[in-house]
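Asker: Dumping the structure here so I can ask a few things about it.
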Amino acid sequence: MKLITPEQMRRIDREAIEKIGIPGVVLMENAAFQVSVKAAEILTRRNGRRVLVVAGSGNNGGDAFAVARHLLSMGYSVCVYTLCPPDALRGDAAINANILKNMGFAMELLGPESLERFSQNCSEADLVIDGLFGTGLNRDVEGMALEAIDRMNRHAACILSIDIPSGIDGLTGRICGRCVRADYTVTFFLPKLGMVQYPAKAFLGELTVADIGIPYALADGLETCELTEGETVWQILPPRPEDAHKGSFGKVLILAGSSHMPGAAALSAQAAYRTGTGLVRMAVPRDIIPVLAARVPEAVYAPMESRGGHMICADSMALKELMDACDAVLAGPGLSCHEDTHELILQVIQECRKPLVLDADALNVIARNDTEVLSRLKCEAVITPHPAEMARLLGTGIDHVQSNRIGTAKAFAEEYGLTVVLKGAGTVIAGPDGRISINPTGNSGMATAGSGDVLAGMIVSLLGQSVPPYEAAVAGAYLHGLAGDLAADEKGAQSMTASDISEKIGAAFQALQRKE
């Protein structure tokens, strides 16, 4: 599903009005009707009749006035508070406020003298409808609007927000000082970019995307992000012919593990097999092979020389032959961050001609020495940093990365000609050609050691099955998150481990198939 910015939505609104000829007040009426239908559904579920509507001064407020009218006509008990005197309203918002006024309906102005009544009305309402601010807000909320948001959050039993919870920046997902904690949100035409980013996503509640009569062709040709959907992932996955053999499903090479972190190698290998790989060859320090063989007996092992428990590249020709003999390569999980590791990763970058995933310690040693080495890649590559690793690669802070996750991933992908998987809540996948996807699956239980090793193994598995890098990253992230969601359902988010995620990969494939 396409994700658009608030500015793109404004342009689409203008085109619908000026080029298509749909009057703005008609679009507002359509939006209000959709919100009213959702409100009636919620009220029926809650066996409620009393509604409080809070209206701002712009088009979001105009929607709110029209919603109040629809709910009145449906027989609900409605009261309306407005942030702006009705006589000061302009445009379509003024039209809908005047309709209410002409019906003999009295609205109350939000002010210091009405705040206690407002709080009481919030407490008594079965549903509060938030129409203070729309998706274009990018300044901190203050004054009476801030008071209204605080009191809605404190006293309302159930809140439905129009377009976006008031107080959220629709572009970045930033909370503008304070925001409404909605139980339901109805947005229009397409979701806005900020809605799928954190922290905003946590405040939307159940999101409904409503058709308000704008032709969807108006979004064609726009540079947009995508919210990954199961149908898209299903189309990415390679076929599995019944007469296939293990060579049909790819051979992957995993360079991973050390005496201190053998589990990272095991998690990556198990995930690769569970994602469909025909054969996994593990290039690991010789002395940890017995431990790994007990955990991943299906793997083929390539013993590597080590020093102090970490892998070294003692024979660059042998390493090249290992990479040449496979269909995709993963380097990084659990390697450790010695200078020897840096030399090993330099050899991989110099010699690898197969699709490559660089994860974990591979990224850490690159960041410690010279990020520009990524410019020397001679193959298609995917990097999978978490925010701290991304910050190290950029020589900046985590807050800088998190404040603009999409822009950060996009710029890095385009600069170095690779696919970036910026992990975290709402994982961002950025391709070298400018494509961006936001992953909707996953949960807080996946913030656990080894989760990234599982993801890296899944992505390299798909690369080895001839899935292009960007698509492999999109599908891998979605399935990884879906497996995590299934693990959380069974174990609880606080109790799940990376192994639990890996064990649910097969169930994730089955769940995806059932949706088709």
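For any residue, its number in the working numbering is found by taking its place in the sequence shown, counting from 1, and adding 8. Using N, Cα and C, we set each Cβ at its ideal position, and we do this for glycine too.
On the DSSP bridge assignment, give the partners of Glu116 in chain order.
Answerer: Tyr89
Asker: State the beta-bridge partners of Pro311 as determined by DSSP.
Answerer: Val292
Asker: Could you compute how far the alpha carbon of Arg443 sits from the alpha carbon of Ala483?
Answerer: The alpha-carbon atoms of Arg443 and Ala483 are separated by roughly 14 Å.
Asker: List, from N- to C-terminal side, the alpha helix (DSSP H) runs of 4 residues or more that fit wholly inside the segment 247-287.
Answerer: 270-282
Asker: Less than 8 Å between the CB atoms is what I'm expecting for Ala273 and Ala264, so what's the real figure, rounded?
Answerer: 4 Å
Asker: Measuring alpha carbon to alpha carbon, tell me which of Asp191, Ala491 and Gln355 ends up nearest Thr505.
Answerer: Ala491
Asker: If Val462 and Ile509 are in contact, beta carbons under 8 Å, what's the gap, nearest whole angstrom?
Answerer: 5 Å
Asker: Ser474: buried (16+ other C-beta within 10 angstroms of its C-beta) or exposed?
Answerer: exposed
Asker: Using only the alpha-carbon positions, how far apart do Arg19 and Val217 sit?
Answerer: 18 Å
Asker: For Glu23 and Leu327, what's the separation of their Cα atoms in angstroms?
Answerer: Their Cα atoms are separated by approximately 58 Å.
Asker: CA-CA distance, Asp335 and Arg147?
Answerer: 50 Å
Asker: For Ile157, which option in Ile170, Glu250, Ala76 and Leu140 has the closest C-alpha, if you only look at C-alpha atoms?
Answerer: Leu140
Asker: Taking just the CA atoms, how far does His253 sit from Phe211?
Answerer: 48 Å
Asker: Considering only residues of the same chain and omitting the five flanking positions on each side of Pro311, which have a CB-CB separation below 7 Å?
Answerer: Arg294 and Ile297
Asker: Where does Val365 fall in DSSP's three states?
Answerer: strand
Asker: Identify the residues that DSSP records as bridge partners of Asp169: which are they?
Answerer: Per the sequence shown, the amino acid found at residue 169 is Ser instead of Asp. BP columns for Ser169 point to Asp138 and Thr193.
Asker: With burial defined as no fewer than 16 other Cβ atoms inside 10 Å of the residue's Cβ, what is the status of Arg466: buried or exposed?
Answerer: First, the amino acid is wrong: residue 466 is Met here, not Arg. Buried, by the Cβ-count rule.
Asker: Go to Ser445, then tell me how far its beta strand (DSSP E) extends in each direction, as first and last residue.
Answerer: Membership of Ser445 in the beta strand (DSSP E) is indicated by the continuous run Ile444 to Ile446.
Asker: Just confirm the distance between the C-beta atoms of Ser65 and Cys92, as a whole number of angstroms; I'd bet it's less than 8 Å.
Answerer: The Cβ separation is near 4 Å, so the contact holds.
Asker: So, is Ser503 buried or exposed, given that buried needs 16 or more other C-beta atoms within 10 angstroms?
Answerer: exposed
Asker: Apply the 10 Å Cβ neighbour rule to Tyr8 and answer buried if 16 or more other Cβ atoms are within range, or exposed otherwise.
Answerer: For residue 8 there is no data in the structure shown, the boundaries of the chain being 9 and 524.
Asker: Is it true that the CB of Ala457 sits closer than 9 Å to the CB of Leu426?
Answerer: no
Asker: Compare the beta carbon distance of Cys87 and Val59 with 9 Å and say whether it is the shorter of the two.
Answerer: Yes, the pair counts as a contact, with Cβ atoms nearer than the cut-off.
Asker: Can you list, in chain order, the residues of its chain whose CB lies under 6 Å from that of Cys345, leaving out five sequence neighbours each side?
Answerer: Asp369, Asn372 and Val373
Asker: Return the bridge partner residues of Cys233 from the DSSP annotation.
Answerer: Leu11
Asker: Quick one: grab the DSSP three-state call for His346.
Answerer: coil
Asker: Name the two residues that bound the continuous beta strand (DSSP E) containing Thr427.
Answerer: Thr427 to Leu430
Asker: Quick one: grab the DSSP three-state call for Ala336.
Answerer: Note: Ala336 maps to strand in three-state DSSP.
Asker: Leaving out five residues before and five after Ile103 in sequence, what residues of the same chain have Cβ atoms less than 7 Å from its Cβ?
Answerer: Val33
Asker: Mapping DSSP to helix, strand and coil, what is Met504?
Answerer: Met504: coil per DSSP, three-state reduction.
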